[in-house]
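Before any comments, here is the structure.
In my numbering, the protein residues as written are 349 to 461.
This is the structure we're talking about:
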(Lines of atoms letter the chains of each structure in order from A and count residues from 1; the text may use other names and numbers.)
(Lines give C-alpha, C1' and ligand atoms only; values in the text may rest on other atoms or scores of the structure.)
Protein backbone atom coordinates (compact mmCIF):
# COMPACT_ATOMS: atom_id res chain seq x y z
CA UNK A 1 0.00 0.00 0.00
CA UNK A 2 1.30 3.47 -0.86
CA UNK A 3 2.08 5.80 2.02
CA UNK A 4 1.22 9.40 2.77
CA UNK A 5 3.17 11.18 5.50
CA UNK A 6 1.85 14.56 6.60
CA UNK A 7 4.36 17.13 7.82
CA UNK A 8 3.99 17.98 11.51
CA UNK A 9 3.28 19.67 13.83
CA UNK A 10 -0.47 19.93 13.55
CA UNK A 11 -0.58 17.09 10.99
CA UNK A 12 1.05 19.34 8.40
CA UNK A 13 -1.80 21.80 8.24
CA UNK A 14 -1.65 25.57 8.29
CA UNK A 15 -4.49 28.07 8.19
CA UNK A 16 -3.85 30.69 5.51
CA UNK A 17 -6.74 33.11 5.84
CA UNK A 18 -10.44 33.38 6.43
CA UNK A 19 -12.83 34.98 3.97
CA UNK A 20 -16.61 35.11 3.99
CA UNK A 21 -16.73 32.63 6.86
CA UNK A 22 -14.50 30.07 5.11
CA UNK A 23 -11.02 29.24 6.35
CA UNK A 24 -8.45 28.28 3.72
CA UNK A 25 -5.63 25.96 4.79
CA UNK A 26 -2.73 24.03 3.32
CA UNK A 27 -1.42 20.54 3.99
CA UNK A 28 2.10 19.42 3.09
CA UNK A 29 3.86 16.09 3.21
CA UNK A 30 5.44 13.23 1.27
CA UNK A 31 3.90 10.46 -0.81
CA UNK A 32 5.47 7.14 -1.82
CA UNK A 33 4.25 4.46 -4.21
CA UNK A 34 4.69 0.80 -3.28
CA UNK A 35 5.68 -2.44 -5.01
CA UNK A 36 2.26 -3.23 -6.51
CA UNK A 37 0.67 -0.35 -8.41
CA UNK A 38 -3.12 -0.80 -8.73
CA UNK A 39 -4.86 0.02 -12.01
CA UNK A 40 -6.63 3.34 -11.56
CA UNK A 41 -4.04 4.68 -9.10
CA UNK A 42 -3.13 4.76 -5.44
CA UNK A 43 -5.66 6.04 -2.93
CA UNK A 44 -4.87 9.54 -1.62
CA UNK A 45 -8.17 10.14 0.19
CA UNK A 46 -6.13 10.75 3.38
CA UNK A 47 -5.05 14.05 1.82
CA UNK A 48 -8.59 14.93 0.67
CA UNK A 49 -9.90 14.10 4.16
CA UNK A 50 -7.87 16.95 5.65
CA UNK A 51 -10.39 19.42 4.16
CA UNK A 52 -14.11 20.07 4.02
CA UNK A 53 -13.42 20.83 0.35
CA UNK A 54 -10.08 20.11 -1.32
CA UNK A 55 -9.38 22.71 -4.01
CA UNK A 56 -6.11 21.31 -5.36
CA UNK A 57 -3.07 19.10 -4.86
CA UNK A 58 0.36 19.67 -6.35
CA UNK A 59 2.92 16.84 -6.39
CA UNK A 60 6.62 16.79 -7.24
CA UNK A 61 6.97 14.82 -10.44
CA UNK A 62 9.09 11.64 -10.77
CA UNK A 63 12.16 12.90 -12.62
CA UNK A 64 15.29 10.92 -11.80
CA UNK A 65 16.72 7.41 -11.69
CA UNK A 66 14.08 4.67 -11.80
CA UNK A 67 11.44 7.40 -11.73
CA UNK A 68 12.40 8.83 -15.14
CA UNK A 69 9.84 8.55 -17.90
CA UNK A 70 6.73 8.83 -15.74
CA UNK A 71 4.42 11.56 -14.53
CA UNK A 72 1.83 11.70 -11.76
CA UNK A 73 -1.73 12.90 -12.25
CA UNK A 74 -4.32 13.47 -9.52
CA UNK A 75 -7.79 12.10 -10.28
CA UNK A 76 -10.03 14.38 -8.21
CA UNK A 77 -13.12 12.24 -8.84
CA UNK A 78 -11.67 8.96 -7.54
CA UNK A 79 -9.21 10.61 -5.10
CA UNK A 80 -6.27 8.67 -6.53
CA UNK A 81 -2.71 9.41 -7.64
CA UNK A 82 -2.16 7.87 -11.07
CA UNK A 83 1.17 7.19 -12.78
CA UNK A 84 1.54 7.49 -16.54
CA UNK A 85 4.43 6.94 -18.93
CA UNK A 86 5.83 9.90 -20.85
CA UNK A 87 5.38 7.91 -24.07
CA UNK A 88 3.15 9.28 -26.78
CA UNK A 89 0.37 8.57 -26.21
CA UNK A 90 0.76 8.48 -22.43
CA UNK A 91 -0.56 5.29 -20.82
CA UNK A 92 -1.07 4.36 -17.20
CA UNK A 93 1.67 2.13 -15.79
CA UNK A 94 0.87 -1.57 -15.71
CA UNK A 95 -1.18 -3.09 -12.90
CA UNK A 96 0.79 -4.77 -10.09
CA UNK A 97 4.16 -3.33 -11.21
CA UNK A 98 6.76 -2.23 -8.68
CA UNK A 99 6.75 1.58 -8.44
CA UNK A 100 8.43 1.73 -5.01
CA UNK A 101 11.40 3.65 -6.48
CA UNK A 102 9.00 6.61 -6.73
CA UNK A 103 9.18 7.68 -3.12
CA UNK A 104 9.13 10.78 -0.95
CA UNK A 105 7.39 12.95 -3.54
CA UNK A 106 6.62 16.27 -1.87
CA UNK A 107 3.01 17.45 -2.07
CA UNK A 108 1.17 20.66 -1.31
CA UNK A 109 -2.61 20.58 -0.98
CA UNK A 110 -5.03 23.42 -0.34
CA UNK A 111 -8.70 23.71 0.45
CA UNK A 112 -11.35 24.87 2.89
CA UNK A 113 -11.01 23.87 6.54
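Note that CB positions come from ideal geometry on N, CA and C, so glycine has one too.
Are residue 459 and residue 401 closer than 8 angstroms when you measure CB to CB? Result yes, Cβ atoms of residue 459 and residue 401 sit closer than 8 angstroms.
Based on the DSSP secondary-structure assignment, which residues constitute the bridge partners of residue 405? In the DSSP assignment, residue 405 is bridged to 457.
Taking residue 373 as the reference, which of 383, 438, 398 has the closest Cα? The shortest CA-to-CA distance from residue 373 to any of 383, 438, 398 is the one to 398.
Over the uninterrupted beta strand (DSSP E) stretch that includes residue 379, give me the two end residues. Looking at the DSSP string, the run of the beta strand (DSSP E) that includes residue 379 is 370 to 380.
Quick check: the Cα distance between residue 416 and residue 369, rounded to an integer number of angstroms? If I take the Cα positions, the gap works out to 44 angstroms.
Kindly identify the DSSP beta-bridge partner or partners of residue 329. In the structure displayed, the chain extends from 349 to 461; residue 329 sits before or after that span and is not available.
Are the CB atoms of residue 443 and residue 385 nearer to each other than 8 angstroms? Cβ distance < 8 angstroms, so residue 443 and residue 385 count as in contact.
I need the straight-line Cα distance from residue 426 to residue 461, nearest angstrom please. Rounded to whole angstroms, residue 426 to residue 461 spans 21 angstroms at the Cα level.
What residue does the beta strand (DSSP E) around residue 352 start on, and which one ends it? Looking at the DSSP string, the run of the beta strand (DSSP E) that includes residue 352 is 351 to 354.
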